[in-house]
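Report on the structure given below.
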Amino acid sequence: MLPYPNIDPVFLKIGPLEFRWYGLMYVLGLTLGFWYLKNKLKTSLKLNNDLIWNLMSYITIGVILGGRLGYVLFYNLPYYWQHPLTIFAVWEGGMSFHGGGLGCVLAILIFSLVYKTNFYLVLDFLALGSTIGIGLGRLANFINGELYGRVTNLPWGMIFPNGGEHIRHPSQLYEAFFEGLVLFLILNFLLKKQILKPGQLFAWFLINYGIFRFFIEFLREPDSQIGLFFNFLSMGQLLSGLMIAGGGLFFFWRNKGH
Numbered sequence: 207m208l209p210y211p212n213i214d215p216v217f218l219k220i221g222p223l224e225f226r227w228y229g230l231m232y233v234l235g236l237t238l239g240f241w242y243l244k245n246k247l248k249t250s251l252k253l254n255n256d257l258i259w260n261l262m263s264y265i266t267i268g269v270i271l272g273g274r275l276g277y278v279l280f281y282n283l284p285y286y287w288q289h290p291l292t293i294f295a296v297w298e299g300g301m302s303f304h305g306g307g308l309g310c311v312l313a314i315l316i317f318s319l320v321y322k323t324n325f326y327l328v329l330d331f332l333a334l335g336s337t338i339g340i341g342l343g344r345l346a347n348f349i350n351g352e353l354y355g356r357v358t359n360l361p362w363g364m365i366f367p368n369g370g371e372h373i374r375h376p377s378q379l380y381e382a383f384f385e386g387l388v389l390f391l392i393l394n395f396l397l398k399k400q401i402l403k404p405g406q407l408f409a410w411f412l413i414n415y416g417i418f419r420f421f422i423e424f425l426r427e428p429d430s431q432i433g434l435f436f437n438f439l440s441m442g443q444l445l446s447g448l449m450i451a452g453g454g455l456f457f458f459w460r461n462k463g464h
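In structure tokens:
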């Protein structure tokens, strides 16, 4: 068993203000993702600095609204139906990646229509950049001691503060590695090969993320308010299955030049 590092989720306090790792990772993920893609956005899409900042604003709003509403609808609707004002309490946690992804796609679509940019290329570049935010977000989950794994007897298992006395998989780290680093390397390799049509890199992102998430979910503790469907599949796996299917259909649709 490895000791859980027990990092304070608040990294800075200034009077009554608290700055948390969770929020910092969101900011860093968006900032580093755009920094990495800045030259690609300028050369391939002819976006100047002002348009890049506008795109970042659109995506930030899409990710936050989509992530929060996705969590409310997919994971805990009965609770928020009874306590609607807590929907706005984002500092208490509760964001859905799948909801954030939908919000991001919608934001990119609106941006592309407003500024007359190539929707599919924007999707491709942002799929690549998003892996940075995903990896950092999972590290924030680990620091918060949330979304931990199922019980295990493996030597790298940990006891999480909110996970009882059981030794559990550090599934947040598995996700940070595969959904963040490994997926970044895969997409970056495909982008450099220049063998895909616009939009197909985004399709590969959907497929690969869905596969990684689907299998890691077998090691992740199911959400207590939902449990498992058919005593086998979690909500995350159902949504990831839809991502895989949607990514496959989108790939072949773009292959035909639509």
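Counting in our numbering, the sequence shown tops out at residue 464, every number present.
Beta carbons: idealized from backbone N, C-alpha and C, even for Gly.
Assumed close pair residue i, residue j - CB separation to whole angstroms, cut-off 8 Å
i	j	result
Q431	Y285	7 Å
H480	G276	With the chain represented from 207 up to 464, any question about residue 480 goes unanswered, as that position is not in the structure.
D330	P222	So it is not a contact: roughly 43 Å between Cβ atoms.
Y242	I338	7 Å
V328	L251	7 Å
F420	G447	6 Å
L444	F435	6 Å
L389	Y415	6 Å
G306	G272	5 Å
Secondary structure of residue i, DSSP reduced to three states
i	result
E352	coil
F436	coil
M441	helix
M364	strand
L402	coil
L179	Look at the range of the chain in this structure, 207 to 464, and you will see that residue 179 is not part of it.
Residue i at chain D interface by Cβ criterion, 8 Å
i	result
Q443	The question asks about chain D, but that chain is absent: this structure has only one protein chain.
Residue environment, residue i, which counts as buried when at least 16 other CB atoms sit within 10 Å
i	result
G472	Missing from the structure shown is residue 472; the chain here goes from 207 to 464 and no further.
H289	exposed
F418	buried
I340	buried
F317	buried
I213	exposed
A451	exposed
G433	exposed
P376	buried
G309	buried
K370	The amino acid at residue 370 is misidentified as Lys; the sequence shows Gly. So G370 ends up on the exposed side.
L197	The requested residue 197 does not occur in the structure, where the chain is confined to residues 207 to 464.
N350	buried
F294	exposed
W227	buried
V311	buried
F348	buried
F384	buried
I220	exposed
V278	buried
L247	buried
beta-carbon residue i near the ligand HEM non-hydrogen atom, thresh 7 Å
i	result
F303	The ligand content of the structure shown is nil, which means the ligand HEM is not present either.
Touching by the beta-carbon criterion (3+ pairs, under 8 Å), the segment 349-363 and the segment 407-416: no
Length at least 4, wholly inside the segment 220-265: the alpha helix (DSSP H) runs in chain order: 227-251
contact_flag[the segment 229-244, the segment 255-263] where n(CB pairs < 8 Å) is 3 or more: yes
Three or more C-beta pairs below 8 Å linking the segment 249-258 and the segment 363-380: no
Length-filtered (4 minimum) alpha helix (DSSP H) runs lying within the segment 263-338: 283-288 and 303-321
Inter-stretch contact at 8 Å, needing at least 3 Cβ pairs: the segment 418-427 / the segment 341-358: yes
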